[in-house]
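This report concerns only the one structure given below.
Numbering (the UniProt record's numbering), first residue to last: 1 to 108.
What follows is the structure, given as structure tokens:
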């Protein structure tokens, strides 16, 4: 599935099953909540915090997909073509960071 396909799929689901998009501020709050759930799993599974028994069966991939879902909703609502935006972002990084990381002693 391409990014464009994902944006279309989410839009179709929202308009048929979800009735309508939540407003942008609600979706921003939801995005923050979903990112927090990803952070919780990462901090406990890969960081120094101990993982609670209730968190051990949480699916990190599913939580990341929740983040992607809400991000796609926000892109759709605000008229952002994520394929185009991502390509522009990669172009920017390739120009700005062409040698930056190669010359970073901390990464060697």
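All C-beta atoms in this analysis are idealised placements derived from N, C-alpha and C, irrespective of residue type, glycine included. The structure displayed is predicted, hence computed values, not measured ones.
Helix or strand or just coil, what does DSSP make of residue i?
i: residue 8; result: helix
i: residue 2; result: coil
i: residue 106; result: helix
So the candidates are the options; which of them puts its Cα closest to the Cα of residue i?
i: residue 20; options: 68, 29, 76 and 40; result: 76
i: residue 68; options: 84, 55 and 35; result: 35
i: residue 37; options: 93, 72 and 56; result: 56
i: residue 12; options: 29, 73 and 107; result: 73
i: residue 31; options: 93, 54, 65 and 90; result: 65
i: residue 18; options: 101, 25 and 10; result: 10
i: residue 28; options: 71, 102 and 94; result: 71
If contacts are defined as beta-carbon pairs under 8 Å, then residue i and residue j qualify, I think. What distance do you get, rounded to the angstrom?
i: residue 80; j: residue 60; result: That belief does not hold up - the Cβ atoms of residue 80 and residue 60 are roughly 26 Å apart, past 8 Å.
i: residue 3; j: residue 82; result: 5 Å
i: residue 33; j: residue 44; result: With 8 Å as the limit, residue 33 and residue 44 do not qualify as a contact, their Cβ atoms being about 17 Å apart.
Could I get the ranges of all uninterrupted alpha helix (DSSP H) runs contained in the UniProt domain "NTP pyrophosphohydrolase MazG-like" (23-99), with 4 residues as the minimum, in chain order?
-> 24-45, 60-78 and 82-96
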